[in-house]
Structure formats: C-alpha cells, structure tokens
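**Student:** Numbering (full-length UniProt numbering), first residue to last: 1 to 315. All residues carry an ideal CB built from backbone N, CA and C; glycine is no exception. I'd like to ask some things about the structure below.
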C-alpha cells in the first residue's frame with residue numbers, strides 16, 4: 001500500500017533518520033507536561049515503602065501482599081521477558097532501518113495530516129481490541145494452565161508484574177501488536193506514543209495502587225479494574241478500553257462468583273456455587289478497598305438482603 005510514497009520516505013539520504021519536525025516541536029513544547037505525567041511511576045516506591053503501614057489509604061487490596069518469594073519471582077521473570085521483548089523490538093527496528101519491508105513512514109506529507117491524526121485511534125483501538133481477545137484466549141483452560149497461569153501467581157499485583165508473563169505469550173502478543181507496521185501506512189510517531197501510553201497504563205494497572213483515570217480518559221478503567229482481574233482471575237480481560245468486556249459479557253458483575261476454576265469470563269450465579277465457594281468469594285470482596293472505586297464506594301459488596309434474593313431455591 002503506497003509503495004511509491006514509502007520508497008520516497010525510506011530511501012535516499014539521511015533525512016530518513018530525522019524525525020518529523022512537527023513531532024520534534026510538539027515534544028519540546030510539551031516536555032514539562034510529559035515529564036510530570038511520568039512522575040507517577042516512582043510514586044509506586046512512595047506507596048509500597050513510605051506508606052506501607054497505611055495501606056488502607058491507597059492499596060486496592062490493603063490486607064494482602066505478595067510474599068517476598070513472589071516479589072523476587074516477578075522481578076526476575078519480568079526482567080527476562082522485558083529483555084526478550086526489547087531484543088525482538090531491536091531486531092525489528094534494524095530490519096526496517098536496513099530496507100526490510102514495512103509500511104512505516106517518516107514524512108507526514110507522504111499521506112497527509114488527515115491520516116496522520118486518524119491513525120492514532122486506529123492503532124490504539126486495534127491494539128487494545130486484539131489484546132483483549134489474546135488475553136481472553138489465554139484464559140481458556142489449556143492456555144491458562146500451561147502459559148498464562150504464571151502471570152496469575154501474583155494475586156496482589158505490583159508494577160513489576162506487568163512484564164512477568166510467560167515468554168511465549170509475551171512474544172505472541174508483541175507480534176500481534178506490531179502488525180500495523182506491515183499492513184497500513186504507519187507514521188513512527190503515533191505508533192511510538194501509543195506504545196508508551198499502553199506500557200505506562202500497564203504499569204499503573206498492575207501497581208496495586210488505587211489510581212484513577214483522568215477526566216479526559218473516559219475510555220480508561222481505573223486501576224481497580226485490572227486488580228479485580230488478578231484477584232478473581234477469569235473476568236475483566238480488557239486493558240485500556242473496558243467497553244470490550246461490557247460488549248462481550250466478561251465485565252465483572254455483582255451477582256456472579258469468579259474463581260480460578262470458573263473459566264470463560266461469565267462467572268457463576270450465587271445459587272450455582274457451593275457454600276464454601278460463596279464464603280470464599282464474600283471474603284475476597286471484604287478485602288477490597290472501597291477507596292479504589294469511584295465515589296469511594298465498593299461496587300460489588302453484597303448486603304444480606306441481596307444475598308437472600310439471589311439464592312433461589314434449588315429444584
């Protein structure tokens with residue numbers, strides 16, 4: 001697609017290595033804003049070390065912590081997986097930079113400003129929807145038990161958990177996410193910024209801290225959304241757009257029980273589970289922090305009246 005324009009951008013002189021001037025100007029102008037945005041990341045240390053004794057004020061699951069062994073495990077596994085992904089990205093970058101086939105371009109004029117701005121939501125929505133389905137597929141019994149369960153060792157995730165996944169799964173997701181670089185004309189800058197945004201929120205969503213999305217992010221779920229996923233396993237599969245779960249019926253519901261043995265994201269009705277399963281579920285709900293939810297109210301807490309109404313007599 002657009003081979004003539006692609007050749008004009010990637011072949012020739014050193015201009016192929018120079019970022020688009022408008023992108024450079026934009027970055028310089030808003031560098032302070034970007035820096036302030038990224039300052040949230042070191043705050044994880046602030047919470048887990050400085051305010052560890054006040055976990056009820058900030059932690060999604062204030063009464064539960066990873067063991068020291070699991071903390072070390074997630075750091076080691078996460079580092080190895082990150083090295084694998086970084087190496088793959090480096091090989092890909094070298095391949096493209098040396099004339100390998102791709103649809104990456106560097107000059108905005110090649111496809112115009114309209115497509116430059118349209119590709120931002122196209123890349124973002126494509127990657128998020130594909131990742132939703134990839135994630136959901138890895139929660140089917142075989143793939144979960146043999147690959148993805150490794151990531152769910154961390155029932156109380158921290159920021160280090162974001163890359164602590166099976167290398168096969170990590171590589172699989174990475175290869176699916178980079179498909180736009182070979183299918184549609186993709187300017188380097190939107191792809192790069194979307195990747196940064198996605199990784200940033202991956203860290204936030206695994207932090208275990210009750211961060212909430214900003215007013216200008218109506219699509220972005222709060223950190224408790226993915227924390228629920230780790231706590232209840234097979235539910236809330238989306239990452240940056242929780243609408244996918246609402247659309248496909250895998251969004252957590254108040255009248256459902258979720259455990260590691262209940263697959264496919266639908267859970268079970270209250271009257272379908274055993275007394276032991278219900279007791280364990282209610283205990284998990286009590287361990288959640290109301291401050292992690294909007295309006296500081298725990299959305300999934302069940303009153304005795306609600307429980308009685310949901311317990312239909314079994315025939």
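1) Kindly indicate which residue of 214, 157, 190 and 89 has the alpha-carbon position closest to the one of residue 202.
2) In terms of alpha-carbon separation, which member of 259, 210 and 268 lies closest to residue 57?
3) Relative to the C-alpha of residue 121, which candidate in 273, 282 and 241 has its C-alpha closest?
4) On the DSSP letters alone, give me the boundaries of the alpha helix (DSSP H) that residue 197 sits inside.
5) Of all the alpha helix (DSSP H) runs that stay within the bounds of the UniProt domain "Fatty acid hydroxylase" (121-250), which reach a length of 4 or more residues?
6) To which residues of the same chain is residue 75 closer than 7 Å at the C-beta, ignoring the five residues directly before and after it?
7) What three-state label does DSSP hand residue 108 in the structure shown?
8) Have a look at 221, 131 and 66 and flag the residue whose alpha-carbon is nearest the alpha-carbon of residue 177.
9) In chain order, what residues of the same chain have a beta carbon less than 7 Å from the beta carbon of residue 47, not counting five sequence neighbours either side?
10) Alpha carbons only, please: which of 185, 63 and 197 is nearest the one belonging to residue 118?
11) Using the C-alpha atoms, what's the distance from residue 94 back to residue 150?
12) So, helix, strand or coil for residue 273, using DSSP?
13) If you measure between the beta carbons of residue 307 and residue 285, is that distance less than 9 Å?
14) State buried or exposed for residue 68, treating a residue as buried only when at least 16 other CB atoms are found within 10 Å of its CB.
15) Residue range of the alpha helix (DSSP H) that residue 308 falls in?
16) How would you call residue 267, buried or exposed, if buried means at least 16 neighbouring beta carbons within 10 angstroms?
17) According to DSSP, simplified to helix, strand and coil, what is residue 256?
18) Provide the residue(s) that pair with residue 268 in DSSP beta bridges, ordered along the chain.
19) Which of the three DSSP states is assigned to residue 59 in this structure?
20) Let me confirm a value: residue 235 is counted as buried when at least 16 other C-beta atoms fall within 10 Å, else exposed. Which label applies?
21) Following the continuous alpha helix (DSSP H) through residue 72, name the residue where it begins and the one where it ends.
22) Under the three-state reduction of DSSP, which class applies to residue 301: helix, strand or coil?
23) Determine the DSSP secondary structure at residue 289, reduced to helix, strand or coil.
24) To the nearest angstrom, how far is it from the Cα of residue 311 to the Cα of residue 224?
25) Using a 10 Å radius around the Cβ and a threshold of 16 neighbouring Cβ atoms, would you call residue 140 buried or exposed?
**Tutor:** Here's the rundown:
1) Of the candidates 214, 157, 190 and 89, the one whose C-alpha sits nearest the C-alpha of residue 202 is 157.
2) Looking at the Cα atoms, 210 is the closest of the given residues.
3) Ranking the options by Cα distance to residue 121, first place goes to 241.
4) Membership of residue 197 in the alpha helix (DSSP H) is indicated by the continuous run 188-206.
5) As summarised for the UniProt domain "Fatty acid hydroxylase" (121-250), the continuous alpha helix (DSSP H) elements at least 4 residues long and confined to that stretch are 141-146, 167-177, 180-183, 188-206, 223-232 and 243-248, given in chain order.
6) Taken in chain order, the residues that qualify are 160.
7) The answer is helix: DSSP assigns residue 108 an H, G or I state.
8) Per the Cα distances, 131.
9) Annotation for residue 47: 58 and 209 place their beta carbon closer than 7 Å to its own, counting only its chain and skipping 5 residues before and after.
10) For residue 118, the nearest C-alpha among the options comes from 185.
11) One Cα belongs to residue 150, the other to residue 94, and the distance between them is close to 31 Å.
12) Judged by DSSP in its simplified three-state form, residue 273 adopts coil rather than helix or strand.
13) Not a contact, by the Cβ cut-off of 9 Å.
14) The residue is exposed, with fewer than 16 neighbouring Cβ atoms inside 10 Å.
15) Where residue 308 is concerned, the enclosing alpha helix (DSSP H) stretches over 304-310.
16) Counting of Cβ neighbours within 10 angstroms places residue 267 among the buried residues, the total reaching 16 or more.
17) Here residue 256 sits in strand by DSSP.
18) Paired residues: 257.
19) In the three-state DSSP reduction, residue 59 falls in the strand class (E or B).
20) The residue in question, residue 235, is buried, as its Cβ has 16 or more Cβ neighbours within 10 Å.
21) Its alpha helix (DSSP H) spans residues 68-97.
22) Assignment of residue 301 by DSSP, reduced to helix, strand and coil, places it in the coil class.
23) The three-state secondary structure of residue 289, taken from DSSP, is coil.
24) Residue 311 and residue 224 have their alpha carbons spaced roughly 27 Å apart.
25) Under this definition residue 140 is an exposed residue.
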